[in-house]
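Asks: In this note's numbering, the protein residues as written are 9 to 198.
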Amino acid sequence: MEEILLIGGGGHCHSVIDVIELENKYKIAGIIDREELFGRKVLGYDVIASDDDLEKLFKTYKNVVITIGQIKSNELRVRLFDKVKKIGYKLPIIVSPLAYISKHSYIEEGTVVMHHALINTNAKIGKNCIINTKALIEHDSIIEDNCHISTGAIINGGAKVYKNTFVGSNATSKESIKINGFIKAGSLAI
């Protein structure tokens, strides 16, 4: 089993650990976080280094996933994604076995699909996205890079979610619309 490093040890990391353990494709080698947290455990996994150590760690580890969440801003997620890509790391797609992914959909590197998410036919998901628990991405939708589709959010058929967009929990889009920016929880995007 290949090893993987997790970058960020907060709440989103907890959820991603659960998905990785259930998926059983990667062995978690450790958590990358702030220097003052070295030695701390996150669900039994050690914080072993900071993002300043990523070049050195590449000699030993080849896989990473960004486990920092995205609510107010995705700036840190994007910066870290770009940094590890430049170093040469692989950013595998992490998918919960409890999610449904159509074989006719497409998901790019570094994206995490959480428990009970649904990605239907001909949907396209970009790089470094979070498709959170119970999110629904309907047929023919496009989710561009660095987006977070939150818990229970619904992106209806043919919708396009532009790069760096956050869609809050239980937000719902109308079909075939364009979504950009910050969509607050529980709202209707029309």
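Each residue gets a CB set at the ideal place from its N, CA and C atoms; glycine is no exception.
Considering Cα atoms alone, identify which of Leu84, Ile127 and Lys135 is closest to glycine 160.
Replies: Comparing Cα-Cα distances from glycine 160 to each of Leu84, Ile127 and Lys135, the minimum goes to Ile127.
Asks: Counting only the same chain and skipping the five closest in sequence on each side, list residues whose C-beta sits under 6 Å from that of lysine 192.
Replies: Here the set comprises Gly176.
Asks: Report all residues from its chain with a CB closer than 7 Å to the CB of threonine 75; omit the five preceding and five following residues, and keep chain order.
Replies: The residues are Leu14, Ile15, Gly16, His20, Cys21 and Val24.
Asks: Considering only residues of the same chain and omitting the five flanking positions on each side of alanine 179, which have a CB-CB separation below 8 Å?
Replies: Excluding sequence neighbours, alanine 179 sits near Ser158, Ala161, Ile162, Ile191, Lys192, Ala193, Gly194, Ser195, Leu196 and Ala197.
Asks: Going by DSSP in three states, glycine 165 sits in which element: helix, strand or coil?
Replies: Coil, per DSSP.
Asks: Among Gly47, Lys98 and Glu43, which has the Cα closest to the Cα of tyrosine 34?
Replies: When only C-alpha atoms are compared, the closest one is Lys98.
Asks: On the criterion of 16 or more Cβ atoms from any shown chain inside 10 Å, does phenylalanine 46 qualify as buried, or is it exposed?
Replies: That one is exposed.
Asks: If we call anything under 8 Å between Cβ atoms a contact, is isoleucine 187 one with lysine 168?
Replies: Going by C-beta atoms, isoleucine 187 is nearer than 8 Å to lysine 168.
Asks: Mind checking which residues open and close the alpha helix (DSSP H) that includes leucine 62?
Replies: Its alpha helix (DSSP H) spans residues 62-65.
Asks: Quick one: what does DSSP say glutamate 10 is sitting in, helix, strand or coil?
Replies: The answer is strand: DSSP assigns glutamate 10 an E or B state.
Asks: Skipping 5 residues on each side, what residues in its chain have a beta carbon closer than 6 Å to that of serine 149?
Replies: Ala131, Ile163 and Ala167, listed in sequence order.
Asks: Would DSSP call serine 23 helix, strand or coil?
Replies: In this structure, serine 23 counts as helix in the three-state DSSP scheme.
Asks: DSSP puts leucine 144 in a beta bridge; with which residues?
Replies: DSSP, once it has assigned bridges, lists Leu126 and Ile162 as partnering leucine 144.
Asks: Can you check whether the CB of lysine 91 is closer than 8 Å to the CB of leucine 62?
Replies: Yes, they are a contact pair.
Asks: Take the Cβ of aspartate 153 as the centre, count every other Cβ of all protein chains shown within 10 Å, and call the residue buried at 16 or more, exposed below.
Replies: It is buried - the Cβ of aspartate 153 has at least 16 other Cβ atoms within 10 Å.
Asks: Under a three-way DSSP split, which group does phenylalanine 174 fall into?
Replies: Strand at phenylalanine 174.
Asks: Using the Cβ count rule (16 or more neighbours within 10 Å means buried), how would you classify threonine 141?
Replies: The residue in question, threonine 141, is buried, as its Cβ has 16 or more Cβ neighbours within 10 Å.
Asks: Quick one: give me the first and last residue of the alpha helix (DSSP H) that aspartate 54 is part of.
Replies: From DSSP, aspartate 54 is part of no alpha helix (DSSP H) but of the beta strand (DSSP E) over 53-57.
Asks: Would you call the CB atoms of aspartate 59 and isoleucine 36 closer than 8 Å?
Replies: Cβ atoms of aspartate 59 and isoleucine 36: not closer than 8 Å.
Asks: Per DSSP, which one or two residues make a beta bridge with phenylalanine 190?
Replies: Beta-bridge pairing links phenylalanine 190 to Phe174.
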